[in-house]
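Worksheet: the structure to be examined is printed underneath.
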Amino acid sequence: MSLANIGVVGLAVMGRNLVLNLSDKGFRVAVYNRTFSRTEKFLQGEAAGREITGAESLEDFVAALESPRVILLMVKAGRPVDAVIDQLRPLLSPGDIIVDGGNSHYPDTERRYHDLKAQGFRFLGMGISGGEEGARHGPSLMPGGDPEAWPLVREMFQSIAAKADGEPCCQWVGEGGAGHYVKMVHNGIEYGDMQLIVEAWQLMREALQVDNDALADIFEHWNSGVLDSYLIEITSQILRVRDADGSSRVDHILDSAGQKGTGKWTAIDALEQGIPLTLVGAAVNARFLSALKSERVKASSLLQGGSEMAVGNTDEFVQQVHDALYASKIISYAQGFMLMRQASEKFGWQLQYGDIALLWREGCIIRSRFLKDIKAAFERDAGIENLLFDDFFSTAVNSAQTGWRESIVAGVARGIPLPAFSSALSFYDGYRSAILPANLIQAQRDYFGAHTYRRLDQPEDAVFHTHWTEDQHEEKW
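Under the numbering used here, the residue at position 1 of the sequence shown is numbered -11, and the numbers go up by one with no gaps.
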């Protein structure tokens, strides 16, 4: 058998399916897994009859690759990635390419990129989204790292990626950790999308007192309009699944949401960058709160909630919740692109935001019609400061505003938690306010800590301090 075009380390679900995807596109693949029995099972099963070479050792694995070697790591993020890289170093030659396709934290990718570059190796950190189905039939790929490596693997990875309007959902993101950074933000937005959907579900369920079949119909209908997306689609399908006794399966699932940490990374990074990513933060905290199951059960018998109020017009209310979901979704993406813009300026990545929207249009978890509108906004103005400044999105939010507010009022009156809806609206109201009460905060800071303040009627670089507890006179510092 000829030498392989690419080697894949790690044959868990994502690794196996990417190997099969590569094989489908005509690439010869070598595979290695720490446990050789998994490799044997794969070669005798799904990979049988294909040009896929299994190796029992890393030495044999590397020897099976053509030069320059391209090795895709599909192993658990963190120390396992470093461990495999350390094992590979003595076996590789200058110019060989290592691609980390896991959910690595972007600072780790930055470190590995510079470390390997100094040794003559080329490193790419490539975010991959789409789960098992995407990996097998076309994922969203977000490559970053060494720009010299990208031309050598571009055709290969673009061939296995999902396509949107004929364009591969795989475009160069930027140097260093840019690819994994964009994937991190993707995952944060994913957290937000999921939280918004479950808030819409709970609000309609409790306010309308309808079953999951009726709600599945609503989500299915929404999926034919501006909310058309993978997550809306699967929500309608989930709500129709029944247990053997005919009851709704989702109602038997423990209401404690897990997480792998990428949403938390996004929220923490936003704090460090000074960007108000309020909706993703609310979504992450909602998962933390859901994990406090025993405390919530205890609190439910002690703490009172809102009143049960009848909904006057069912169709009107459903439209209001639809508008709240749509407007909040716009805010979530606007915040996500704000964060990426800040990171791009900080790290010098020169991110192309329209291309990033294209990357997410197919193959990934947050794929939706909505992303086409985002790409169009950046095509109209590549340097736009915020999506809310685009006429399409400002008009959409303004039109949805009444339903958005009414939905939150309905939730508050009934004691239904709506952290994502509410944080999105609070951001919107803060962002559209020419004057905020932060002047009083700054006065307080100056009072107890002499932190000074600036005045509206003075030059921007002039700072002042008031002697608040003495004669209250103001002096310029």
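Even for Gly, the Cβ is constructed at its ideal location relative to N, Cα and C.
Excluding the 5 residues flanking K334 on each side, which residues of the same chain have their C-beta closer than 8 angstroms to its C-beta?
Taken in chain order, the residues that qualify are Q261.
Can you check which of these residues, A364, S414, R329, is closest to V170 by C-alpha distance?
When each option's Cα is compared against that of V170, the closest is R329.
Look up L112 in the DSSP assignment and give the residues it is bridged to.
Paired residue(s): V87, G133.
Strictly by DSSP, which residues pair up with A18?
Bridge partners of A18: G(-5), T41.
Please state whether the Cβ-Cβ distance between I(-6) and V72 is less than 7 angstroms.
No, Cβ-Cβ distance for I(-6) and V72 is not below 7 angstroms.
Measuring alpha carbon to alpha carbon, tell me which of W138, Q183, F452 ends up nearest K313.
In the sequence as displayed, the identity of residue 313 is Leu instead of Lys. Closest by alpha carbon: Q183.
Taking DSSP as the reference, what is the three-state secondary structure of L61?
Strand, per DSSP.
Can you tell me whether DSSP reads L53 as helix, strand or coil?
Three-state DSSP puts L53 in a strand.
Only counting the same chain, and skipping five residues up and downstream in sequence, which positions put a Cβ closer than 8 angstroms to that of E367?
Only G342 meet the Cβ criterion.
With distances taken from CA atoms, which of G213, I263, I404, R433 is nearest M297?
Per the Cα distances, I404.
Flag A123 as yes when its Cβ comes closer than 6 angstroms to any non-hydrogen atom of the ligand FAD, and as no otherwise.
Annotation note on the ligand FAD: not contained in the displayed structure, which lists no ligands.
If you follow the alpha helix (DSSP H) that F305 is part of, which residue opens it and which one closes it?
302 to 335 is the extent of the alpha helix (DSSP H) around F305.
In the DSSP output, which residue or residues are listed as bridge partners for T454?
Paired residue(s): E462.
Can you tell me whether F30 is buried or exposed, with buried defined as 16 or more other CB within 10 angstroms of its CB?
The residue is buried, with at least 16 neighbouring Cβ atoms inside 10 Å.
Smallest Cα separation from V400: which of Y218, I423, E187, L347?
The residue with the shortest Cα to Cα distance from V400 is E187.
I'd like to confirm the pairing. Which residues does DSSP put opposite G162 in its beta bridges?
Note: G162 sits in a beta bridge opposite G132.
Using 7 angstroms as the threshold, is the C-beta distance between G351 and G122 below it?
In contact: G351 and G122 (Cβ atoms closer than 7 angstroms).
Apply the 10 Å Cβ neighbour rule to R433 and answer buried if 16 or more other Cβ atoms are within range, or exposed otherwise.
The residue is exposed, with fewer than 16 neighbouring Cβ atoms inside 10 Å.
Is the beta carbon of H168 closer than 7 angstroms to that of S92?
It is a contact, given that the beta carbons lie within the stated cut-off.
For F109, which residues in the same chain have their Cβ closer than 8 angstroms to its Cβ, ignoring the five residues on either side in sequence?
Here the set comprises R77, L80, P82, G83, D84, I85, I86.
In this structure, how does DSSP classify E296 when only helix, strand and coil are distinguished?
Of the three classes helix, strand and coil, the one that applies to E296 here is coil, per DSSP.
Considering only their Cβ atoms, is the gap separating V17 from V1 smaller than 7 angstroms?
Contact: no.
Is the separation between the beta-carbon of E98 and that of P135 shorter than 7 angstroms?
No, the Cβ-Cβ distance between E98 and P135 is not below 7 angstroms.
According to DSSP, simplified to helix, strand and coil, what is E350?
E350: coil per DSSP, three-state reduction.
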